[in-house]
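Read through the structure below, which is laid out as structure tokens, and then see the notes.
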Amino acid sequence: MKLSPTFRDVLASAEGPLVGLWAASGSPVAAEIMAGSGADLLLIDGEHGPVGIDGIVPLLQAVSAYPVTPLVRIPWNDHVLVKQFLDAGVQNLLVPMVSTPEQATDAVRAVRYPGAAGEREGGRGIGSALARSARWGRVPGYVGAADDFVSLTVQIETAEGAANAAAIAAVDGVDALFIGPADLAGSMGHPGKPGHPDVVTAVDGVIDAARAAGVAVGVNAFAESDADRVIARGAQFAFVSADVTLMVQGSDAAVASFRERTGGEAAQQETDSY
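Spelled out as structure tokens, the structure:
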């Protein structure tokens with residue numbers, strides 16, 4: 024039995040920038056709809072989304088029939104969580120709030136099995152024969168080749184992380200950097216203002232550092248102008264919307280359109296006044 028190509032493989036074979044969507048609702052149905060959109064990437068949010076380890080498998084199963092590469096963001100840079108999410112079958116892990124090369128190194132160690140003596144460090148517990156990661160033992164030689172089946176992306180979303188971007192990108196085993204402008208803005212003293220000039224400069228600096236290190240880099244960029252700018256700067260991927268965002272926008276627009284056509288807005292306002 025073969026596993027899907029990793030995010031690292033997809034990046035290496037990409038002929039242009041990759042576009043991604045978020046599966047933030049925790050709904051397998053919504054995730055499947057997103058997966059059928061033609062997007063290259065789908066980011067399942069286990070940090071802020073209402074889904075835990077037990078909800079990840081149905082989401083992965085729901086999108087597996089589509090030509091989309093799923094990434095999963097875990098809640099924190101924690102060895103236990105990494106082990107559980109990988110054993111659940113997550114191949115492409117996104118670790119949030121990585122601000123130092125030491126934290127990046129810790130994440131790399133968590134996703135790797137121990138190697139032969141003197142080869143390299145690894146802290147992942149070996150339980151794949153009983154786990155979905157190796158399809159319950161049906162993937163031949165999974166333990167020895169596990170590095171080929173897993174990719175690691177670390178998220179840069181603090182001022183410290185942006186300052187350390189070059190050192191983080193240089194950590195062996197980090198396949199990509201992903202920039203989160205919202206938390207980065209908060210860390211820089213501009214909460215709710217990811218478009219602040221200081222934040223934009225920091226985002227550009229991380230892109231430049233990653234590119235100089237030969238490491239893939241992407242950005243969360245829901246505004247079209249932001250997505251266009253970071254891709255022009257050299258980012259190889261961008262996440263441009265989310266299931267919950269699209270549902271909010273679509274439902275608000277549908278209701279507003281109906282009320283505008285039927286004069287229902289005044290009636291709704293009268294009802295709201297009771």
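First residue of the sequence shown? That's 24 in this note's numbering, and the numbers climb one at a time after it. Just so it is clear, CB atoms sit at the ideal spot from N, CA and C, and this is done for glycine as well. Computed from a predicted structure; not experimentally measured.
Exposure label - residue i; buried when at least 16 CB within 10 Å
i, result
"Pro73", "exposed"
"Phe281", "exposed"
"Gly164", "exposed"
"Asp195", "exposed"
"Pro93", "buried"
"Gly237", "exposed"
"Gly241", "buried"
"Ala54", "buried"
8 Å CB neighbourhood of residue i in its chain, flanking five on each side removed
i, result
"Val222", "Pro204, Leu207, Ala208, Met211, His213 and Lys216"
"Ala225", "Ala182, Ala185, Leu207 and Met211"
Where residue i falls: helix, strand or coil (DSSP)
i, result
"Arg147", "coil"
"Val95", "strand"
"Ser87", "coil"
"Leu200", "strand"
"Val166", "coil"
"Val177", "strand"
"Ala154", "coil"
"Gly160", "coil"
"Asp195", "coil"
"Glu38", "coil"
Under 9 Å between C-beta atoms of residue i and residue j
i, j, result
"Leu109", "Val52", "no"
"Ala239", "Val42", "no"
"Asp266", "Ala46", "yes"
"Phe245", "Ser264", "yes"
"His306", "Arg132", "The structure shown has nothing for residue 306, since the chain only spans 24 to 297."
"Ala58", "Ala88", "yes"
"Ala186", "Leu200", "no"
"Ser60", "Met270", "no"
"Gly14", "Ala168", "Residue 14 is absent from the model: the chain starts at 24 and stops at 297."
"Gly112", "Ile149", "no"
"Gln259", "Pro40", "yes"
"Arg96", "Asp68", "yes"
"Leu65", "Val91", "yes"
"Gln114", "Ser27", "yes"
"Pro81", "Ala193", "no"
Residues near residue i by beta carbon distance below 7 Å, same chain, minus five either side
i, result
"Val121", "Asn100, Ala127, Ala130, Val177, Gln178, Ile179, Gly184 and Ile191"
"Val134", "Val105, Leu109, Leu116, Arg147, Val173 and Leu175"
"Gly145", "Arg132, Arg135, Tyr136, Pro137 and Gly138"
Closer than 8 Å: residue i CB and nearest the ligand GDP heavy atom
i, result
"Tyr165", "Because no ligand of any kind appears in the structure shown, any question about the ligand GDP cannot be addressed here."
Please go through the region 207-284 and give each complete alpha helix (DSSP H) segment of 4 or more residues, from N-terminal end onward. 220-236 and 247-256
For the region 99-145, which segments carrying the alpha helix (DSSP H) assignment without a break, of at least 4 residues, lie completely within its bounds, in sequence order? 102-110 and 124-134
Quick one: complete beta strand (DSSP E) runs, 3+ long, within the region 41-82? 41-46 and 64-68
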